[in-house]
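Take a look at the structure below.
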Ligand SMILES: C[C@@H](O)[C@H](N)C(=O)O
Ligand SMILES: C[C@@H](O)[C@H](N)C(=O)O
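Residue numbers (the numbering used here), protein chains in the order written: chain A, 1 to 149; chain B, 150 to 298.
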């Protein structure tokens, strides 16, 4: 397992999009037209008939991403755009998340022990990523490196 | 790139958890104590002072996962538990998501073209996963295999 961190990213969220086919397609096609790649895309379960779509972009693309999202919000009738450039992305690579339930439990417990709040979570079979605030990021990475040598 | 699908999973979401350090740790420690592994964990941005944590489990563990989450909801004062066993998980593996913004745009457009609604999204640098309803899953996989041969 390896702890990998990246603070050159910012998060953008389009809030309250209609949860109907074609919405994610039009948002990410508009981003692609402007050459804005999304490092991590997260959409959780819907609430009412709307949903939020959040993603990370490299800091240089933040301005363009916000611009694209603001236009999309007007076209779709969504609720708004939120963003935060003061974040750190921390990934535990090569962790058998789908096979060992102790891994996410330990990663989250290590962050809790450092009083680090977890802003976003995304995991696949072999990786688990947490987004935390930038001021917590260095402390969080050091604690995770101790716990997952 | 490879299209991989799995219909032996169910989704569980703990709704309206306090967005404070230690919450994710206590939920996933309780799941680990019962041997329930989470295949894909997704937490997006918070709304107000609360957040939702959603994850996929293999269908055999759904009952236990719901039980653990219902206890956690009472302990944390969260809003509730939602679940859905009629889902399909579809992953585009080996896709350079972080490098090529056309990939998520194309994947979502292919699903939109089939009128498939995307329930959840999770992506990392080299993978992108969509959760769709079970009735859409076979159609969605076939269309994605045509678009990403
Ligand atoms: C919210 C958004 O993902 C929508 N469900 C879609 O399919 O595009
Ligand atoms: C919502 C939950 O992830 C919380 N922010 C925590 O750190 O545990």
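Note that CB positions come from ideal geometry on N, CA and C, so glycine has one too.
In this text, all values refer to a predicted model and were calculated from it rather than measured experimentally.
Simplified DSSP state of residue i, which is helix, strand or coil
i: residue 239 (chain B); result: strand
i: residue 224 (chain B); result: helix
i: residue 196 (chain B); result: strand
i: residue 132 (chain A); result: strand
i: residue 42 (chain A); result: strand
Enclosing beta strand (DSSP E) for residue i [first to last residue]
i: residue 10 (chain A); result: 9-18
i: residue 199 (chain B); result: 199-207
i: residue 152 (chain B); result: 151-155
i: residue 269 (chain B); result: 269-272
Where residue i falls, given that 16 or more other Cβ within 10 Å makes a residue buried
i: residue 138 (chain A); result: exposed
i: residue 220 (chain B); result: exposed
i: residue 201 (chain B); result: buried
i: residue 298 (chain B); result: exposed
i: residue 184 (chain B); result: exposed
i: residue 43 (chain A); result: buried
i: residue 146 (chain A); result: exposed
i: residue 245 (chain B); result: exposed
i: residue 182 (chain B); result: exposed
Nearest residue (CA-CA) to residue i, options the options
i: residue 263 (chain B); options: B:297, B:201, B:291 and B:220; result: B:291
i: residue 144 (chain A); options: A:116, A:123, A:99 and A:124; result: A:116
i: residue 134 (chain A); options: A:33, A:119 and A:107; result: A:119
i: residue 99 (chain A); options: B:186, B:164, B:160 and B:161; result: B:186
i: residue 280 (chain B); options: B:254, B:295 and B:241; result: B:241
i: residue 223 (chain B); options: B:160, B:164 and B:289; result: B:164
i: residue 232 (chain B); options: A:103, A:60, A:55 and A:47; result: A:47
i: residue 87 (chain A); options: A:19, A:57 and A:24; result: A:57
i: residue 60 (chain A); options: A:102, A:80, A:39 and A:77; result: A:39
i: residue 285 (chain B); options: B:225, B:255, B:253 and B:239; result: B:239
i: residue 198 (chain B); options: B:253, B:256, B:150 and B:170; result: B:170
i: residue 234 (chain B); options: B:243, B:167, B:160 and B:152; result: B:160
i: residue 162 (chain B); options: B:152, B:228 and B:151; result: B:228
i: residue 107 (chain A); options: B:151, B:190 and B:166; result: B:190
i: residue 122 (chain A); options: B:173, B:243 and B:230; result: B:173
i: residue 1 (chain A); options: A:94, A:17, A:101 and A:102; result: A:94
i: residue 18 (chain A); options: A:54, A:77 and A:55; result: A:77
i: residue 104 (chain A); options: B:194, B:152 and B:204; result: B:204
i: residue 81 (chain A); options: B:194, B:289 and B:152; result: B:194
Alpha helix (DSSP H) segment containing residue i, residue limits
i: residue 264 (chain B); result: From DSSP, residue 264 (chain B) is part of no alpha helix (DSSP H); its letter is neither H nor E.
i: residue 231 (chain B); result: Note, residue 231 (chain B): premise wrong, no alpha helix (DSSP H); beta strand (DSSP E) at 229-233.
i: residue 182 (chain B); result: 172-182
Proximal residues of chain D, C-beta to C-beta of residue i below 9 Å
i: residue 180 (chain B); result: Going by chain labels, chain D is absent from the structure shown, which instead holds the protein chains A and B.
Proximity test, residue i beta-carbon vs ligand 4 heavy atom, cut-off 8 Å
i: residue 192 (chain B); result: This structure does not include ligand 4; its bound ligands are ligand 1 and ligand 2.
Do the region 207-218 of chain B and the region 59-69 of chain A meet, that is, are 3 or more Cβ pairs less than 8 Å apart? no
Does the region 152-160 of chain B come close enough to the region 120-136 of chain A that 3 or more CB-CB pairs lie under 8 Å? no
So, do the region 27-34 of chain A and the region 100-111 of chain A have three or more beta carbon pairs nearer to each other than 8 Å? no
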